[in-house]
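Enquirer:
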Amino acid sequence: MASKHQENRFAAYSTPIILAAILLALVLLVVAFGDKALARTAAETLIRVTLVVGLWIFVGNSGVISFGHAGYMAVGAYCSAWFTLRPQMKSLFLPDLPGWLLEAQWPVLPAAIAAGLLAAAVALLSGAAILRLSGIAASIATFAFLAIINTVYSNWEGVTGATSSVVGLPRYVDHWVALAWAVTAILAANIYANSASGLALRATREDEVAARASGINMYRHRLLSLVISGFFTGVSGALLGHSIGVLNPDSFYLGITFISLAMLVVGGIGSLSGAVIGVIVLSTVIELLVRAEQGFAIGSAEFALPSGSQEILIGLIMVLVLILRPSGLSAGREFKLRLKLPHKTLANEQIPSNRGEIK
Amino acid sequence: MTNFAQLFFDAASLGGLYAMAALGIALIFGVMNLVNFAHGEYIAFCVFALIVPSTDAVAVMFLGRAPAVLLVPLILVIGGMIAVASEYAVFRHLRNADPVAMMISSFALGFVIRNVLLATYGGRPKAISLWPELNTPVQIAGASVPLLQVIVILTTLLVVAALAFLLKKTRLGLEMRAAAENFTMARLLGVRANVVITGAFALSGALAAAVALIMATQTGVADVRMGGQIMLVAFIATVIGGLGSLPGAVAAGFLIGGVSVLLQAFLPLEARPFRDAFLYTLVIACLLLRPQGLFVPASAKPRV
Chain A
1 MASKHQENRF AAYSTPIILA AILLALVLLV VAFGDKALAR TAAETLIRVT LVVGLWIFVG
61 NSGVISFGHA GYMAVGAYCS AWFTLRPQMK SLFLPDLPGW LLEAQWPVLP AAIAAGLLAA
121 AVALLSGAAI LRLSGIAASI ATFAFLAIIN TVYSNWEGVT GATSSVVGLP RYVDHWVALA
181 WAVTAILAAN IYANSASGLA LRATREDEVA ARASGINMYR HRLLSLVISG FFTGVSGALL
241 GHSIGVLNPD SFYLGITFIS LAMLVVGGIG SLSGAVIGVI VLSTVIELLV RAEQGFAIGS
301 AEFALPSGSQ EILIGLIMVL VLILRPSGLS AGREFKLRLK LPHKTLANEQ IPSNRGEIK
Chain B
1 MTNFAQLFFD AASLGGLYAM AALGIALIFG VMNLVNFAHG EYIAFCVFAL IVPSTDAVAV
61 MFLGRAPAVL LVPLILVIGG MIAVASEYAV FRHLRNADPV AMMISSFALG FVIRNVLLAT
121 YGGRPKAISL WPELNTPVQI AGASVPLLQV IVILTTLLVV AALAFLLKKT RLGLEMRAAA
181 ENFTMARLLG VRANVVITGA FALSGALAAA VALIMATQTG VADVRMGGQI MLVAFIATVI
241 GGLGSLPGAV AAGFLIGGVS VLLQAFLPLE ARPFRDAFLY TLVIACLLLR PQGLFVPASA
301 KPRV
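Those sequence lines, one after another, are chains A and B. Reading the first sequence from the start, the letters are residues 1 to 359 in our numbering. Reading the second sequence from the start, the letters are residues 1 to 304 in our numbering.
#1: Give, in chain order, every residue of the segment 248 to 279 of chain B whose Cβ lies closer than 7 Å to some Cβ of chain A.
#2: Which residues in chain A have a C-beta closer than 7 Å to the C-beta of Ile104 (chain B)? List them in chain order.
#3: How about Gly274 (chain A): is its C-beta nearer than 7 Å to some C-beta of chain B?
#4: Runs of 4 residues minimum, wholly inside the segment 135 to 188 of chain A: which ones carry the alpha helix (DSSP H) assignment?
#5: Does the separation of the CB atoms of Ser360 (chain A) and Leu51 (chain A) fall below 7 Å?
#6: Taking the Cβ atom as the reference point for each residue, do Ser165 (chain A) and Asn248 (chain A) lie within a distance shorter than 7 Å?
#7: Quick check: is the beta carbon of Glu7 (chain A) nearer than 7 Å to any beta carbon in chain B?
#8: Report yes or no: is there a C-beta of chain A within less than 7 Å of the C-beta of Ala164 (chain B)?
#9: How far does the alpha helix (DSSP H) with Gln88 (chain A) in it reach, from first residue to last?
#10: How far does the alpha helix (DSSP H) with Ile78 (chain B) in it extend, from its first residue to its last?
#11: Where does Pro247 (chain B) sit, in a helix, a strand or coil, going by DSSP?
#12: The alpha helix (DSSP H) with Ile153 (chain B) in it runs from where to where?
#13: Going along chain B in order, which residues have a C-beta closer than 9 Å to the C-beta of Ala137 (chain A)?
#14: Using beta carbons (cut-off 7 Å, strictly below), is Met218 (chain A) in contact with chain B?
#15: Report buried or exposed for Pro326 (chain A), applying the criterion of at least 16 other Cβ atoms within 10 angstroms of its Cβ.
#16: Provide the residue span of the alpha helix (DSSP H) that contains Ile28 (chain B), from first to last.
#17: Going by DSSP in three states, Lys336 (chain A) sits in which element: helix, strand or coil?
#18: Check distances from the C-beta atoms of the segment 96 to 127 of chain B to those of chain A and list, in chain order, the residues that come in under 7 Å.
#19: With 7 Å set as the bound, which would you pick, yes or no: does the beta-carbon of Thr151 (chain A) sit closer than that to a beta-carbon of chain B?
#20: Does any C-beta atom of chain A lie closer than 7 Å to the C-beta of Phe235 (chain B)?
#21: In the DSSP assignment, the beta strand (DSSP E) including Gln139 (chain B) goes from what residue to what residue?
#22: List the endpoints of the continuous alpha helix (DSSP H) containing Val224 (chain B).
#23: Around the Cβ of Thr41 (chain A), are there at least 16 other Cβ atoms within 10 angstroms (buried) or fewer (exposed)?
#24: Taking all protein chains shown into account, do 16 or more other C-beta atoms lie within 10 angstroms of the C-beta of Leu346 (chain A), making it buried, or fewer, making it exposed?
#25: Residues in the same chain with beta-carbon distance under 7 Å from Cys286 (chain B), minus the five sequence neighbours each way, listed in chain order, please.
#26: Tell me, please, whether the CB atom of Glu44 (chain A) is closer than 7 Å to any CB atom in chain B?
#27: Any C-beta of chain B within less than 7 Å: which residues of the segment 206 to 233 of chain A qualify?
#28: Is it buried or exposed, Trp82 (chain A), if we count other Cβ atoms within 10 angstroms and call 16 or more buried?
#29: For Phe111 (chain B) and Glu311 (chain A), I'd like the C-alpha separation in whole angstroms.
#30: Which of the three DSSP states is assigned to Ile269 (chain A) in this structure?
#31: For Ile51 (chain B), which beta-bridge partners are listed by DSSP?
#32: For Leu131 (chain A), which residues in the same chain have their Cβ closer than 7 Å to its Cβ, ignoring the five residues on either side in sequence?
#33: Restricting to Cα atoms, I'd like to know which of B:Leu294, B:Val150 and B:Ser129 is closest to Leu50 (chain B).
#34: I want to verify the contact list: residues of chain A whose CB lies under 7 Å from the CB of Ile284 (chain B), in sequence order.
#35: Between the C-alpha atoms of Ala275 (chain A) and Gly245 (chain A), what's the straight-line distance to the nearest angstrom?
#36: Could you give the distance in angstroms between the alpha-carbon of Ala74 (chain A) and the alpha-carbon of His242 (chain A)?
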């Protein structure tokens with residue numbers, strides 16, 4: 001039976017390799033055939049992969065919906081801005097920052113990591129309170145958390161610039177940087193999901209009472225997953241800031257919460273592959289709709305969707321997916337490679353089954 | 001305290017508004033375990049029903065021109081209809097889905113309604129004047145109180161009393177309470193699921209419409225975002241009150257209204273912009289002390 005076990009382990013760890021290969025293939029395609037606009041879209045999509053995979057680490061494993069992750073994004077985005085903006089700019093626009101922070105001008109990578117760490121610390125603090133609640137009450141408390149962050153960041157004039165945007169962030173995030181972080185997030189998510197804590201957490205997702213009866217401390221595992229999830233969400237916020245170059249508290253509120261949850265749900269909350277597929281599918285649909293809103297030609301006739309129809313259609317797609325395919329496109333399955341040990345060869349087929357996976 | 005009466009009226013009218021919004025959410029949660037994120041958009045929808053659809057900056061009154069005797073029932077019916085329509089279109093197909101899927105679908109539905117409003121009416125807030133004479137202050141107990149505040153307080157009391165009567169004394173109310181207690185068992189005993197659920201949605205939509213009328217008169221603006229903030233407070237009220245408990249929702253609505261007025265009055269000036277942050281922090285603290293809410297309905301305890 002040991003070999004069967006090894007086979008399952010290998011299959012579980014092959015998921016991030018397949019997902020990374022898919023993302024790499026997408027980027028290569030864009031680099032080979034796309035224009036500048038498409039490269040930007042690719043970078044945006046990969047930032048969303050980091051975000052949604054970060055969100056999945058908590059939501060997917062615990063089954064608790066979080067509306068608060070846009071808050072962690074905001075924390076990360078502003079933190080990275082504090083470390084990377086030029087000191088003159090900061091003393092002009094953000095005068096209330098502490099002295100050492102005003103002078104700091106870090107390279108971008110340590111700043112991104114610091115952004116993730118601060119978001120993780122905030123996740124630890126907020127999670128310590130919120131996760132004592134049961135499922136739906138916890139979801140609504142995360143909503144309250146999001147509102148707290150939004151209120152604070154929209155009013156803390158000397159530190160966040162309040163509602164006037166923070167501008168001048170170095171725009172270093174292209175598709176390669178975003179790809180690197182997306183793959184890192186996927187790797188971390190996979191390692192966590194297959195760790196003892198991840199398995200225990202998924203047991204609580206399936207049956208809280210039975211899991212507790214088996215001696216699982218639900219609170220501790222939820223908190224751990226929220227902290228890891230907060231880290232990558234914070235990083236994705238930093239990446240978003242450094243890709244657009246402008247920060248505004250309202251860009252980390254309901255809109256991004258909705259889109260990230262939509263991607264997670266359409267792809268399927270139950271699996272990491274679902275999270276990634278959801279981002280790719282919805283990003284493609286959004287890009288097509290945006291282009292359709294700008295107008296397109298069929299034969300000699302010009303068509304254009306009315307503006308605003310993109311959001312409406314995305315919402316409708318989400319409702320339809322929930323009604324027709326409640327567990328999402330992936331239905332809880334992962335992409336896996338199976339290593340057939342008796343033959344000692346790599347079987348290169350993707351097996352769409354969840355054999356050996358604890359659901 | 002000279003302005004004690006003033007504070008009291010502020011707190012009671014704000015609390016009444018929150019209580020009505022919270023009731024709308026608690027009603028639906030009680031019957032079908034749905035946390036309805038579209039509720040705020042019902043409110044916005046009802047406000048926008050008052051004006052002519054256009055993206056111009058100036059609002060032209062449409063339904064809002066009707067006399068109050070006609071307008072109030074009309075808006076209540078419109079609110080009820082949008083809620084019932086959303087039940088037919090979306091939630092009916094999700095009856096057997098788990099609460100998380102229903103919650104997300106209501107979130108998506110709200111997003112759709114909001115963007116339809118944005119597309120038809122444009123994104124800028126519009127000034128509307130609905131019954132401006134109601135904002136003239138009257139003197140009560142040494143405080144000058146806008147007439148509207150008195151009306152809000154009276155309306156809330158009336159609505160709560162009517163709802164209590166409906167739930168305690170009528171057949172529909174009995175069936176709703178039975179459904180809230182144990183939906184499967186209620187159905188086995190002959191409660192008509194569709195009637196109860198449609199009724200709950202219609203009531204909830206009418207409550208949203210009442211909130212919309214009050215907000216439109218009070219603020220004098222029609223804004224797509226106006227439903228969002230009050231919906232968040234209403235959610236929090238239902239959670240603090242104990243999910244599914246109607247008296248709890250009302251009590252918590254008043255509690256939050258009172259606390260937020262007190263914070264506004266007594267916070268130091270430089271901390272006032274952060275009032276909501278303090279409020280929500282208190283909410284989370286309150287939930288830590290009583291995770292099940294202040295009033296715990298019997299149906300909230302999970303059975304094994």
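For every residue, glycine included, the Cβ atom is placed at its ideal position computed from N, Cα and C. On a predicted model such as this, the values are computed, not experimentally measured, just so you know.
Expert: According to the data block:
#1: Pro273, Phe274, Asp276 and Ala277
#2: If you number the second sequence from 1, residue 104 (chain B) lands on position 104. Ordered by position in chain A, the residues that pass the 7 Å Cβ test against Ile104 (chain B) are Ile65, Leu261, Val265 and Leu322.
#3: Residue numbering aside, residue 274 (chain A) sits at position 274 when the first sequence is read from its first letter. Judged by the 7 Å Cβ criterion, Gly274 (chain A) is not in contact with chain B.
#4: 135 to 155 and 157 to 160
#5: Absent from the structure is residue 360 (chain A), since the part of chain A shown begins at 1 and ends at 359.
#6: What you label residue 165 (chain A) is simply residue 165 of the first sequence in a count that begins at 1. What you label residue 248 (chain A) is simply residue 248 of the first sequence in a count that begins at 1. Yes. Within cutoff.
#7: Here residue 7 (chain A) corresponds to residue number 7 of the first sequence, with the count starting at 1. No, Glu7 (chain A) does not count as interfacial toward chain B.
#8: Stepping through the second sequence from its first residue, residue 164 (chain B) is reached at position 164. False, the Cβ-Cβ gap to chain A never drops below 7 Å.
#9: Residue 88 (chain A) sits at position 88 when you count from the first residue of the first sequence. For Gln88 (chain A), the uninterrupted alpha helix (DSSP H) segment begins and ends at Pro87 to Phe93.
#10: As a working mapping, residue 78 (chain B) is identified with position 78 in the second sequence. That run of the alpha helix (DSSP H) goes Ala68 to Ala89.
#11: Against the second sequence, residue 247 (chain B) aligns to sequence position 247. Helix.
#12: Within the second sequence, residue 153 (chain B) is the residue found at index 153, counting from 1. Leu147 to Lys169 is the extent of the alpha helix (DSSP H) around Ile153 (chain B).
#13: Stepping through the first sequence from its first residue, residue 137 (chain A) is reached at position 137. Near Ala137 (chain A) (Cβ distances below 9 Å), the residues of chain B are Val239, Leu243, Leu287, Pro291, Gln292 and Gly293.
#14: Looking up residue 218 (chain A) in the first sequence gives position 218. Judged by the 7 Å Cβ criterion, Met218 (chain A) is not in contact with chain B.
#15: If you number the first sequence from 1, residue 326 (chain A) lands on position 326. Pro326 (chain A) should be labelled buried.
#16: The count along the second sequence starts at 1 and reaches residue 28 (chain B) at position 28. From DSSP, the alpha helix (DSSP H) with Ile28 (chain B) extends over Phe4 to Met32.
#17: In the first sequence, the residue the question calls residue 336 (chain A) occupies position 336. Lys336 (chain A): coil per DSSP, three-state reduction.
#18: Ala97, Pro99, Val100, Ala101, Met103, Ile104, Ser105, Phe107, Ala108, Leu109, Phe111, Val112, Asn115, Val116, Leu118 and Ala119
#19: The residue you call residue 151 (chain A) lines up with position 151 of the first sequence. Yes, its Cβ sits closer than 7 Å to a Cβ of chain B.
#20: The residue given as residue 235 (chain B) occupies position 235 in the second sequence. Judged by the 7 Å Cβ criterion, Phe235 (chain B) is in contact with chain A.
#21: As a working note, residue 139 (chain B) is residue 139 in the second sequence. DSSP places Gln139 (chain B) in the uninterrupted beta strand (DSSP E) bounded by Pro137 to Ile140.
#22: To locate residue 224 (chain B), count along the second sequence from 1; it is residue 224. That residue, Val224 (chain B), is in no alpha helix (DSSP H); it is neither H nor E in DSSP.
#23: Walking along the first sequence from the start, residue 41 (chain A) turns up at place 41. The residue is buried, with at least 16 neighbouring Cβ atoms inside 10 Å.
#24: To locate residue 346 (chain A), count along the first sequence from 1; it is residue 346. Note on Leu346 (chain A): pLDDT 44, under 50, position unreliable in the model; no value is reported.
#25: Within the second sequence, the letter at position 286 stands for residue 286 (chain B). Counting only Cβ-Cβ distances below 7 Å, and skipping sequence neighbours, we find Ile240.
#26: In the first sequence, residue 44 (chain A) corresponds to position 44, counting from 1. So no, Glu44 (chain A) is outside the interface.
#27: Val209
#28: Taking the first residue of the first sequence as 1, we reach residue 82 (chain A) at position 82. Classification of Trp82 (chain A): buried, given that the 10 Å Cβ count is 16 or more.
#29: Within the second sequence, numbered from 1, the residue matching residue 111 (chain B) stands at position 111. Within the first sequence, numbered from 1, the residue matching residue 311 (chain A) stands at position 311. Looking at the two C-alpha atoms, the distance is approximately 8 Å.
#30: Within the first sequence, the letter at position 269 stands for residue 269 (chain A). In this structure, Ile269 (chain A) counts as coil in the three-state DSSP scheme.
#31: Within the second sequence, residue 51 (chain B) is the residue found at index 51, counting from 1. Answer is B:Met61.
#32: As a working mapping, residue 131 (chain A) is identified with position 131 in the first sequence. Taking Leu131 (chain A) as the centre and dropping the five residues before and after it, the same chain places the C-beta of Ala138, Tyr219, Arg222, Leu223 and Leu226 closer than 7 Å to its C-beta, in chain order.
#33: On the second sequence, position 50 is the one that residue 50 (chain B) refers to. Nearest option by C-alpha distance: B:Ser129.
#34: For the purposes of this step, residue 284 (chain B) is taken as the residue at position 284 of the second sequence. Per Cβ cutoff of 7 Å: Ala129, Ile130, Ala141 and Ala144.
#35: Within the first sequence, residue 275 (chain A) is the residue found at index 275, counting from 1. Within the first sequence, residue 245 (chain A) is the residue found at index 245, counting from 1. Their backbone Cα atoms lie some 26 Å apart in a straight line.
#36: One-based indexing of the first sequence puts residue 74 (chain A) at position 74. One-based indexing of the first sequence puts residue 242 (chain A) at position 242. Going by the C-alpha atoms only, they are around 13 Å apart.
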